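In my numbering, the protein residues as written are 12 to 480.
Written as structure tokens, this is what we have:
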């Protein structure tokens with residue numbers, strides 16, 4: 012008989028691709044601790060970010076709704092005004108607090124520009140600024156010179172941001188575990204977001220000469236939206252070859268392996284204090300990273316799988332089938348709030364307002380043949396190099412991207428999984444495009460996305476009033 016409800020440990024990475032952890036079996040990134048966690052978890056091979064931008068994604072995670080419905084269109088650290096999640100909006104963390112959960116938040120925030128996590132149901136908050144003060148006092152002479160392309164970090168691994176945050180997380184877990192109440196710890200690593208600066212042994216763990224090209228590297232931009240090739244000029248990378256990108260990718264790999272070790276430190280602490288069996292452990296990422304794929308940098312102005320396909324694994328020995336791979340389409344952030352509330356036996360104030368679905372039937376193996384979504388929808392609203400609105404629908408076979416002010420995109424994911432050839436102008440697929448546009452429209456309408464609330468946008472999607480080239 013359980014003495015108290017399960018604890019919740021949520022770990023996220025920032026800008027981690029699905030195919031850059033060992034359990035994906037794709038690229039040669041070494042992540043032994045995440046691989047061990049995967050073997051003990053249900054692994055979702057079809058997990059997708061619904062908005063691959065840091066701030067809006069993280070706000071949606073707390074609120075359980077698409078970011079556009081409360082005005083979170085882009086990150087709040089830019090020059091453009093933005094709405095953000097407010098304490099009077101719903102957050103599942105407040106529900107946990109109201110039901111006796113003690114909690115701690117560590118790492119990247121990105122939810123509100125003036126309020127920290129304690130305004131959203133958390134009891135304590137340790138953010139990136141605290142680590143900045145730590146390094147300024149201990150390593151005042153450290154300087155970096157290679158900008159967003161990254162470089163070796165002279166700070167020792169044990170004092171790197173990954174391991175410093177892991178140590179603070181362990182302290183929080185040990186402190187909360189001593190109390191009688193269940194606890195929730197959120198550990199949001201800022202890594203491997205660019206610039207990647209691996210420390211110590213992780214700095215030279217990967218030889219650039221042995222880093223393989225991304226499947227999507229050989230991009231020509233033929234028939235693609237103008238903004239994609241323009242992005243190269245914005246970053247000054249229009250002449251980069253793979254020899255230029257390989258060291259950047261090697262550093263990306265290195266920071267991932269460094270973060271993996273930090274994750275291991277936290278999970279080992281759970282084992283040491285005897286809390287592993289009583290704790291729901293979730294690992295995921297807000298979105299992925301181009302890091303040279305399609306010759307591009309960062310994650311803006313595109314909805315390729317490089318940035319929307321993310322890792323997601325959930326471990327809880329009491330319910331979850333260990334080592335199971337679940338291929339159904341899930342939203343890693345939108346589906347987590349109803350899933351956690353379901354697992355904990357709690358209710359949102361208005362559960363009908365949540366856009367995701369509980370994953371419990373998938374986790375327990377009860378929904379193998381049950382009705383489930385057969386597509387995912389993602390969005391992007393621009394910011395860094397100008398406003399640019401996109402919406403995407405992806406099925407197993409096809410991806411359609413609605414670019415409201417440029418040519419649309421259609422990719423045959425079976426024949427062209429790297430999404431290199433835009434098939435939008437192929438007359439053989441006109442009927443398919445019309446159907447995908449219709450499905451996208453009704454999903455956006457049901458979820459309250461205001462972009463489809465006027466006649467001009469409806470005409471693009473429902474009447475095909477869209478120029479294709």
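From the three backbone atoms N, C-alpha and C, an ideal C-beta is built for every residue, glycine too.
Quantities reported herein were computed from a predicted structural model and do not represent experimental measurements.
Exercise for the section: Return the Cβ separation of residue 68 and residue 346 in integer angstroms, given the expectation that the two are a contact with Cβ distance under 8 Å. Expected result: Not quite, the Cβ-Cβ distance comes to about 13 Å (not below 8 Å), so this is no contact.
Practice task
Grab me the residues of residue 102's own chain with a C-beta within less than 7 Å of its C-beta, minus the 5 sequence neighbours each way, in chain order.
Solution key: 73, 74, 131, 132
Problem - Same chain, Cβ closer than 7 Å to residue 10, neighbours up to 5 away in sequence not counted - result: With the chain covering 12 to 480 only, the question about residue 10 has no answer from this structure.
Exercise for the section: Check residue 434 in the structure and name its three-state DSSP category. Expected result: coil
Exercise for the section: Select from 172, 34, 114 the residue whose C-alpha is nearest the C-alpha of residue 140. Expected result: 172
Practice task
Assign residue 341 to one of three DSSP states: helix, strand, or coil.
Solution key: strand
Problem - Proximity below 8 Å, CB of residue 451 to CB of residue 405 - result: Contact annotation: residue 451 and residue 405 have beta-carbon atoms that are not nearer than 8 Å.
Handout entry: Per DSSP, the bridge partner or partners of residue 294
Key = According to DSSP, residue 294 bridges with 22, 324.
Practice task
Buried or exposed for residue 7, please, with buried defined as at least 16 other CB atoms from any protein chain shown within 10 angstroms of its CB.
Solution key: Nothing about residue 7 can be reported from this structure: the residues present for the chain run from 12 to 480 only.
Handout entry: Integer Cβ distance of residue 320 from residue 29, believed to fall under 8 Å
Key = 4 Å
Problem - Close Cβ partners of residue 323 (< 8 Å) along its chain, the five nearest in sequence each way excluded - result: Counting only Cβ-Cβ distances below 8 Å, and skipping sequence neighbours, we find 54, 55, 58, 293, 294, 295, 341, 343.
Problem - Reference residue 115, options 423, 95, 166, 136, closest by Cα - result: Nearest in C-alpha terms to residue 115, of all of 423, 95, 166, 136, is 136.
Handout entry: Buried versus exposed call for residue 177 [16 or more other C-beta atoms within 10 Å across all chains shown]
Key = buried
Handout entry: Length of the line joining the Cα atoms of residue 463 and residue 289
Key = 44 Å
Handout entry: Range covered by the alpha helix (DSSP H) that runs through residue 74
Key = 65-74
Practice task
For the stretch 247-255 and the stretch 323-340, state whether three or more C-beta atom pairs, one from each stretch, are separated by less than 8 Å.
Solution key: no
Problem - Sub-8 Å separation of residue 479 and residue 416 beta-carbons - result: no
Problem - Straight-line gap, residue 160 to residue 119 (C-alpha atoms, nearest Å) - result: 20 Å
Handout entry: Secondary structure of residue 116, DSSP reduced to three states
Key = strand
Problem - Residue-chain proximity (residue 462, chain C), Cβ-Cβ < 8 Å - result: Within the model displayed, chain C is absent; a lone protein chain is all it includes.
Practice task
State yes or no: is the C-beta of residue 84 within less than 8 Å of the C-beta of residue 407?
Solution key: no
Exercise for the section: Determine the direct distance from the alpha carbon of residue 339 to that of residue 384, and round the result to whole angstroms. Expected result: Residue 384 and residue 339: Cα-Cα distance of roughly 8 Å.
Problem - Among 429, 471, 456, nearest to residue 224 - alpha-carbon criterion - result: 429
Exercise for the section: Taking 8 Å as the cut-off, decide whether the C-beta atoms of residue 354 and residue 291 are in contact. Expected result: yes
Problem - Spatially closest choice to residue 427 from 409, 439, 61, 44, by CA coordinates - result: 409
Exercise for the section: Using the Cα positions of residue 181 and residue 376, report the straight-line distance between them to the nearest angstrom. Expected result: 32 Å
Problem - First and last residue of the uninterrupted alpha helix (DSSP H) at residue 276 - result: 253-283
Handout entry: residue 317 - containing alpha helix (DSSP H), residue span
Key = Counting along the chain, the alpha helix (DSSP H) containing residue 317 begins and ends at 316-319.
Exercise for the section: Compute the distance between the beta-carbons of residue 533 and residue 303, then report whether it is under 8 Å. Expected result: Any question about residue 533 goes unanswered here, given that the chain covers just 12 to 480.
Practice task
In the DSSP assignment, find the beta strand (DSSP E) that holds residue 387 and state where it starts and stops.
Solution key: 387-394
Problem - residue 448 vs residue 268 beta-carbon contact at 8 Å - result: No, the Cβ-Cβ distance between residue 448 and residue 268 is not below 8 Å.
Handout entry: Exposed unless 16 or more other CB atoms sit within 10 angstroms - verdict on residue 467
Key = exposed
Practice task
Go ahead and label residue 153 buried or exposed: buried means 16 or more other beta carbons lie within 10 angstroms of its beta carbon, across all protein chains shown.
Solution key: Residue 153 should be labelled exposed.
Problem - Inter-residue spacing [alpha-carbon to alpha-carbon] between residue 209 and residue 390 - result: 31 Å
Practice task
Look at the Cβ atom of residue 421, then the Cβ atom of residue 444, and state whether they are nearer than 8 Å.
Solution key: yes
Handout entry: Minimum C-alpha distance to residue 17 - residue among 87, 308, 113
Key = 113
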